[in-house]
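As they're listed, the protein sequences go chains A and B. Under the working numbering, the first residue of the first sequence carries the number 3, and numbering increases by one thereafter. Under the working numbering, the first residue of the second sequence carries the number 77, and numbering increases by one thereafter. Cβ coordinates follow ideal geometry from the N, Cα and C atoms, glycine included. Treat the numbers as computed from the prediction; the structure is a model and nothing was measured. Worksheet: one structure, shown below.
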Amino acid sequence: MTDLAVPLHGARPARPSALRIGAWLAAGLAILPLLAIVWLALTRPSATAMPLSLILRYGLTTAALGSLTAVAVTVLGTSAAWLVVMYRFPGRSLFSWALALPLAAPAFALAYGYADLLDVAGPIRTALRASFGSDFWPMEIRSLPGAAFVLSMAFYPYVYLTARSAFISQSVCALEASRTLGSTPWETLTRVALPLARPAIIAGTALALMEVFADYGAVSFLGVQTLTTGVVRAWSVYGAPGSAARLSLLLLAVAAMLLWLERSGRQGQSFGANSARWRPLEPKPLKGWASLGASLFCLSLISFGLLIPAGWLAYRALSAAPEADRLIQAAMTSFSLAGMGALVTVTLAALIAFGAPHSHRIKRLASLGYATPGAVMAVGLLAPASLIWRGAGSGGSQTVALALGLLILAYAARLMASALGPIEAGLARVTPSMDRASRTLGETENGTLRRVHIPIAKGALWTATLLVFVDVLKELPATLILRPFNFDTLAVLADRYASDERLAQAAWPTLLIVLTASLPIIILSRKIMQSRPGE
Amino acid sequence: MTTALTLDGVRKLYGAKAAVDRVSLTLEAGKITCLLGPSGCGKSTLLRLIAGLEPLDGGTVSTDHILSGPRSHLPPEKRDIGFVFQDYALFPHMSVEDNVAFGLKRLSPAERQKRALLQLQRVHLADRAKAFPQALSGGEQQRIALARALAREPALVLLDEPFSGLDAHLKAGVRDATLEALRQAGTAALIVTHDAEEALMMADHLALMDQGQILQTGTPQACYRHPVSLAAARLLGPANPIDLLVKDGKADTVLGSLDAPGLTDGTAMAIVRPEALTLTADGTPALVLANRFAGAESWIKLRIGGLDLEARMVTRASPVVDSQVFITLDHSACTVTRA
């Protein structure tokens, strides 16, 4: 996160250390699947090519979905952050971390909940027909706008979190200066606060869009055909890795663009710290209707983003006994995969953070993986995967182990950058002179790592582990493509039930994911809330 | 005199620019050397080169053996050189005591603790042993950083702008405590600073540095009274340059004749400290251009025969602007150099 301006000369000698080589290898692992995609796309002519018109339609749908969601998450996330930072109203301190809670639910959980709730035969429209005799519900949830609604509710927290930290880091001095120069509060927001926070907001929107384009579970369930569902279909329906790879290239181009947006947004975040005198904002109390409105707004975001769909799913789940054996088996699989995935990913990310603390090139390579949809990552690993399956037939325990290795590699390649973020933020507390102090006090480079860097970054390493654990738990498309035969995670199980229209059954694994992910998300978001700039 | 460290022709390049340009310097055991220069002159880089935190591009750094040379680079942890960093660089995850004991890992835990406590007593902070660095004031942090560097009993300790982070009213106290601890440890010390007064007050030896080069070395008195150049003179305080001609070891100025020992005939420059100009009844007539009251002293701008000079003097009756006064030159506070 923080790029220290002072290069650490000499403490790292010219000869590349083992750690630095490790960092390059880790970054190499992250882009290996991407290179494989380019290779597949260029070398594999597919006999059963997808028609071009289909690809074009996927592209247009994806663009429309992205635009709608981008607008919605930006407006919702920024307004919520502004309210929580600038004003005092009932529930504010609870909302300030609870607004991040929808991150615990995979987007497909929201899709299942809303699709069932708003179905023609669902409770709301049934009730409407009973009371008014006609069904005048305006929006079909299984549609492009419906999907945009679901994804906006699932991903607004990305904007909320970045916008909130940007507003908090703004000094009250700049805002007061604006007031003394004759601006009303509204003008202060639009002319000072928003422009100052704009880079952070753009970065948050870019992160949310990465998730939108990576989503498979929600859009496929809602019947919206995007590039990502196209990638999965090209592989599963058409059996054409070449086509899948060519679609993936399109997605990769979009990912690279989003990454560029996010990067330039993040670089601009130092805006807030420029003010020589930093004074924290004192939130203003809201009165009457305004305060009620603010509370309701925040509450409805959390409700639509988590409570309503999850609550409905819970209600549906209780109507059917779970298939306990499958569920328990899938839970075990999910937890061990998420655990292993987190361990491997955090280790690789730590290698990068410790081994190449000032190499932007390595970090850019690693973050390219983060912008890459899981389905694309999986397609990139299909070539080695199919070799393995062909080589050993199916079912051999060695084959399974190798396939699992590939799956974990896909997780690591995709999530390395999200683990890198907190680790780097933790390591930002290690100043270059602490490094030098340790060396002049008789510690070697490795000793410095052991006695200074790792202890200081310990909390950050745990944070990173939790983040990756949650993300692997929610991951669907890569697991779907790469998993060994009959190897179900909770997300895969939910997807299989849902595509059979067995929603009550699908609700069980979905809720298990939400519940398991909630605890880490609560811990993480409360931790983020406590941190202030300069700490 | 025993030599603690010798620099010989040390060079460090950043791209094409020499941050440190052929620096030669000797540090004596048990003595405090101050390296004075404006910010960006390369003095901090020189410290890092001595500590082995950066490889050098030319010359050697040696004790009784070579530490950094054309083909060798002893890593910092093997050099026996302590370093006090400008931002103190205390480890935030360790208590004060553990910070001080950080470099003592070869000792037994009991011995380590004893040694750390001894060092803390020397900087009068034994009662803060269990505290964490964040809970300490800036002055306390500075002393902990010093205790940590001295705990390994290094032959040489380097201090990079050790008082720059402190409030003005704390500086004098911390400076005295630092000097006391350094004297007690008996180690050679090299203190980098950009504060002339600080350097003059602390140094046994002074080295003046600008644009990567050492301009002058010597005792504080010698450097102040007999600067080798106007640039060297101005590092230690204001100075009036007077261009003049040397003839037969003498140079004539509007304020009378000055000795120019060892200088051949030709153009030269007299460097006159402001306090060398005093008001007397029988001096050279001068016009008062400006007069600024500054407490104990006044700053007075004078014009003497077409020459503008700045004077600093203690006067009871402040001369009025545009009036005429009479000026005498104190020869011990001026020097003639080849310009």
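Rounded C-alpha distance that separates L42(A) from R127(A): 47 Å
Helix, strand or coil at G551(A) according to DSSP, with G and I counted as helix: Lying outside 3 to 537, the shown extent of chain A, residue 551(A) is not represented and no answer is given.
Residue burial classification, Y90(B) (beta-carbon count within 10 angstroms, cutoff 16): exposed
CB of F223(A) within 8 Å of CB of Y372(A), strictly: no
Chain A contact for A80(B) (CB, 8 Å cutoff): no
T263(B) vs A231(B) beta-carbon contact at 8 Å: yes
CB contact below 8 Å: P359(A) versus chain B: no
Chain B within 8 Å of S180(A), Cβ atoms only: no
Proximal residues, the stretch 458-475 of chain A versus chain B, C-beta separation under 7 Å: I458
Cβ-based burial, Q218(B) [other Cβ within 10 Å; buried from 16]: buried
Length of the line joining the Cα atoms of Q227(A) and S266(A): 30 Å
Residue-chain proximity (A355(A), chain B), Cβ-Cβ < 8 Å: no
N- and C-terminal bounds of the alpha helix (DSSP H) containing V474(A): I456 to K476
C-beta neighbour in chain B for E426(A), strict 8 Å: no
Where N488(A) falls: helix, strand or coil (DSSP): coil
Option nearest V474(A) by Cα separation, candidates R453(A), I515(A), W510(A) and R498(A): I515(A)
Closer than 8 Å to chain A by CB, H245(B): no
For F239(B) and R251(B), believed in contact at Cβ under 8 Å, the rounded distance: 6 Å
Length-filtered (4 minimum) alpha helix (DSSP H) runs lying within the stretch 383-448 of chain A: 399-429 and 434-442
For D97(B), the nearest candidate out of H169(B), L291(B), L355(B) and A308(B) (CA to CA): L291(B)
Within chain B, the residues that V454(A) reaches when beta carbons sit closer than 7 Å: F167
Closer than 8 Å to chain A by CB, G179(B): yes
Of the residues P187(A), R438(A), T182(A) and A150(A), the one placed nearest F68(B), counting alpha carbons only: Residue 68(B) falls outside the range modelled here, since chain B spans only 77 to 415, and no answer is possible.
Stretch pair the stretch 440-450 of chain A + the stretch 373-383 of chain A: three plus CB contacts closer than 8 Å: no
Residue-level contact to chain B via CB, A439(A), 8 Å cutoff: yes
Short CB-CB distance (under 8 Å) between R87(B) and chain A: no
Chain B contact for A275(A) (CB, 8 Å cutoff): Its pLDDT being 45, under 50, A275(A) is placed unreliably by the model, and the measurement read from it follows with that caveat. False, the Cβ-Cβ gap to chain B never drops below 8 Å.
Local conformation of T340(B) per DSSP, three classes: coil
Terminal residues of the alpha helix (DSSP H) in which Y114(A) lies: A109 to L119
Min CB distance A257(B) to chain A below 8 Å: no
Where P544(A) falls, given that 16 or more other Cβ within 10 Å makes a residue buried: Given a span of 3 to 537 for chain A in the structure shown, any question on residue 544(A) remains unanswerable.
Members of the stretch 149-164 of chain B near chain A, C-beta cut-off 9 Å: H149, P151, P152, E153, K154, R155, D156, I157, G158, F159, V160, F161, Q162, D163 and Y164
Alpha-carbon to alpha-carbon, G357(A) and G24(A): 7 Å
When W26(A), I39(A), L478(A) and A32(A) are compared against L411(A), the one with the closest alpha-carbon: A32(A)
Per-residue DSSP class, three states only, for I143(A): coil
is_contact[A265(B), chain A] using C-beta, thresh 8 Å: no
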